[in-house]
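Colleague:
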Amino acid sequence: MIEIDSAFVTEPRATYARLREQGPVHRATAPDGTSVWLVTRYADVRAALADPRLSLDKANSNGGYRGFSLPPALDANLLNMDAPEHTRLRRIIGKAFAPRRIEPLRPRVQQLADALLDELAGQREADLMPAYCGPLPIAVICELLGVGEADRPDFRAWTDGMLAPETPEQARNSLAALHAYLLDLIAAKRAEPGPDFLSALVGLRDEEDRLTEDELTSAAFLVLFAGYENTVNLLGNGLIALLTDPAALTAARRGISPATVDELLRYDPPPQLAIRRFPRQDVEIGGVTVPAGETVLLSLISAHHDPARYPDPERLDLDRADNPHLAFGHGPHYCLGAALARMEAVIALNALLTRFPDLALAVPEQDLQWRNSFRNRGLRTLPVTLT
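Letter by letter, the sequence shown follows residues 833 to 1219 of my numbering.
1. Should Thr847 be labelled buried (16 or more other beta-carbon atoms within 10 Å of its own) or exposed?
2. Identify whether Glu998 lies in helix, strand or coil by the three-state DSSP scheme.
3. Can you give the beta carbon distance from Phe1160 to Ala1170, rounded, assuming they're within the 8 Å contact cut?
4. Could you tell me whether the Cβ atoms of Leu911 and Ile1179 are closer together than 9 Å?
5. Closer than 8 Å to a non-hydrogen atom of the ligand GDP - does that hold for the CB of His1157?
6. Below 8 Å on the Cβ atoms is my guess for Leu832 versus Tyr964; work out the distance and round it to an integer in Å.
7. Could you tell me which of Val1064, Ile1018, Ala1023 sits nearest to Glu1045, measuring between CA atoms?
8. Are Gly978 and Asp1016 close, meaning C-beta to C-beta below 9 Å?
9. Does the beta-carbon of Asp1041 have 16 or more other beta-carbons within 10 angstroms, so that it is buried, or is it exposed?
10. For Trp869, list the residues DSSP reports as bridge partners.
11. Quick one: complete beta strand (DSSP E) runs, 3+ long, within the stretch 1088-1145?
12. Which residues share a DSSP beta bridge with Trp1202?
13. Which class does Asp1046 belong to by DSSP, given the choice of helix, strand or coil?
14. Would you list the residues sitting across from Ile834 in a DSSP beta bridge?
15. Would DSSP call Ala905 helix, strand or coil?
16. Could you name the residues of the same chain whose beta carbon sits closer than 7 Å to that of Gln955, not counting the 5 residues immediately before and after it, in chain order?
17. Let me confirm a value: Gly1163 is counted as buried when at least 16 other C-beta atoms fall within 10 Å, else exposed. Which label applies?
18. Starting from Asp946, trace the alpha helix (DSSP H) in both directions and tell me its first and last residue.
19. Going by beta carbon distance, what residues of the same chain come within less than 6 Å of Ala849, once the five residues before and after it are set aside?
20. From what residue to what residue does the alpha helix (DSSP H) around Glu917 run?
21. Can you tell me whether Ala908 is buried or exposed? The criterion is at least 16 other CB atoms within 10 Å of its CB, across all chains shown.
22. Please determine, among Ile834, Glu835, Val868, Thr861, the residue with the shortest C-alpha to C-alpha distance to Thr1122.
23. Let me know if Asp1151 comes out buried or exposed under the rule of 16 or more other beta-carbons within 10 Å of its beta-carbon.
24. Taking Cβ to Cβ, would you say Ser1134 is nearer than 9 Å to Arg878?
25. Leu1193 by DSSP, collapsed to three states: which one?
26. For Arg938, which residues in the same chain have their Cβ closer than 8 Å to its Cβ, ignoring the five residues on either side in sequence?
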């Protein structure tokens, strides 16, 4: 039995490399005591992501799963659903994520990035996590949901309090405040629709009557929950990968493309693990039989560094041509916000490297502090010199 310990946070690539060599699937104990099955090799992870026998619905857990507890109105989201409910809800929500709704955000994302960089002008040093990597994604989400300027400081404080709480009470209070705010925001969009994502969802709910009120609320919550933390960590992890690799940084300064972002996502994905799965029946994964109802964790970072799939996987290769990474998932649960995340990262990284061509780490890499999570990898701080 493997214990998922601090090495999975501080040295995930080396830790998973040892596990891959030992075998494709491992019995493990999570930090909260949950017994899980950990899948480490690319072929097995990719196949499992699209396997309908592996359920996301917690009703298929044998009771051993201990996850983040949400109110029922927020729990009815795509991350907890299987077909046919998932298929129906994804089809409806996908309309609000159509390119014609996302592409017009491009100039606004650029404006938001430029405004944050203007605030850094004249400074010699900065911590990019609170100054740039955090504020930009939450500002974009506020644009998506149509959150008014006056409400944005509270909105961000509640979001941070939920995702990075100092106490369990803060997490509960922040979640309750966000839930109440989303209900009020939905009512406001129903009364006065705008050009935003949430107004589009409200329209689909009211005109076609195919979304329940809880599904509408949970969809708005999922945009916040999935879109904020993952994008913050995409920017932070991507920057640290570039700033610690001189050759890659030189290439990046010539321009960041969507393919560049894909390689950053492969190299150090913000979600280290896919959303947990529960077998509906006994399932064989990598030659190992996993009993029905048990918790299966699919390691994305391990899959991304599997030499059986990627030549020279430990090299950050911004010109990597064949890169079917799994950071956005695979199969029916592929991330609806993938195009927006890529667009946001391209704009944010290009703007930063263009504005500050001498950008460099202000501390040794080994002194960087990572958040204490084996599920989602992200920096606490990113101190840099700007000039």
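Think of the CB as a built atom: it goes at the ideal place given N, C-alpha and C, for glycine as much as any other residue.
Modeller: Reading off the structure:
1. Residue 847 sits at position 15 when you count from the first residue of the sequence shown. So Thr847 ends up on the buried side.
2. Taking the first residue of the sequence shown as position 1, residue 998 is located at position 166. In this structure, Glu998 counts as coil in the three-state DSSP scheme.
3. In the sequence shown, the residue the question calls residue 1160 occupies position 328. In the sequence shown, the residue the question calls residue 1170 occupies position 338. A Cβ-Cβ separation of about 4 Å places Phe1160 in contact with Ala1170 under the 8 Å criterion.
4. Here residue 911 corresponds to residue number 79 of the sequence shown, with the count starting at 1. Here residue 1179 corresponds to residue number 347 of the sequence shown, with the count starting at 1. No; because the gap between Cβ atoms is not below 9 Å, this pair is not in contact.
5. The ligand content of the structure shown is nil, which means the ligand GDP is not present either.
6. As shown, the chain starts at 833 and ends at 1219. That puts residue 832 outside it, with no answer to give.
7. Taking the first residue of the sequence shown as position 1, residue 1045 is located at position 213. Restricting attention to Val1064, Ile1018, Ala1023, the CA atom closest to the CA of Glu1045 is found in Ile1018.
8. Residue numbering aside, residue 978 sits at position 146 when the sequence shown is read from its first letter. Residue numbering aside, residue 1016 sits at position 184 when the sequence shown is read from its first letter. No; because the gap between Cβ atoms is not below 9 Å, this pair is not in contact.
9. In the sequence shown, the residue the question calls residue 1041 occupies position 209. Its pLDDT being 48, under 50, Asp1041 is placed unreliably by the model, and the measurement read from it follows with that caveat. Asp1041 counts as exposed, since fewer than 16 other C-beta atoms from the protein chains shown sit within 10 angstroms of its C-beta.
10. As a working note, residue 869 is residue 37 in the sequence shown. DSSP lists Arg859, Val1128 as the beta-bridge partner residues of Trp869.
11. Counting whole runs of 3 or more residues, the stretch 1088-1145 contains the beta strand (DSSP E) stretches 1115-1117, 1120-1122, 1127-1130.
12. Against the sequence shown, residue 1202 aligns to sequence position 370. For Trp1202, which the question treats as bridged, DSSP gives the partners Leu1211.
13. Counting from 1 along the sequence shown, the entry for residue 1046 is found at position 214. The three-state reading of DSSP puts Asp1046 in helix, counting H, G and I together.
14. The residue you call residue 834 lines up with position 2 of the sequence shown. Listed as beta-bridge partners of Ile834 by DSSP are Ala860.
15. One-based indexing of the sequence shown puts residue 905 at position 73. Three-state DSSP puts Ala905 in a helix.
16. If you number the sequence shown from 1, residue 955 lands on position 123. Closer than 7 Å at the Cβ level, and outside the excluded window around Gln955, lie Leu1218.
17. Indexing the sequence shown from 1 puts residue 1163 at position 331. Per the 10 Å Cβ criterion, exposed.
18. Counted from its first residue, the sequence shown places residue 946 at position 114. 938-952 is the extent of the alpha helix (DSSP H) around Asp946.
19. The count along the sequence shown starts at 1 and reaches residue 849 at position 17. Residues of the same chain with a CB within less than 6 Å of the CB of Ala849, apart from the 5 flanking positions on each side, do not exist.
20. Residue 917 sits at position 85 when you count from the first residue of the sequence shown. 917-928 is the extent of the alpha helix (DSSP H) around Glu917.
21. The sequence position of residue 908 within the sequence shown is 76, counting from 1. Here Ala908 is buried, its C-beta having at least 16 other C-beta atoms within 10 Å.
22. Position 290 of the sequence shown holds residue 1122. In the sequence on display, residue 1122 carries Val and not Thr. That would be Val868, whose Cα lies nearest to the Cα of Val1122.
23. Reading the sequence shown from its first residue, position 319 is the one you call residue 1151. So Asp1151 counts as exposed.
24. As a working note, residue 1134 is residue 302 in the sequence shown. As a working note, residue 878 is residue 46 in the sequence shown. In this structure, Arg878 does not lie closer than 9 Å to Ser1134 by Cβ.
25. Here residue 1193 is taken as the residue at index 361 of the sequence shown, counted from 1. Three-state result, Leu1193: strand.
26. Locating residue 938 in the sequence shown gives position 106, where the first residue counts as 1. If we look at Arg938 and ignore the five residues flanking it on each side, its Cβ neighbours are Met1175, Ile1179.
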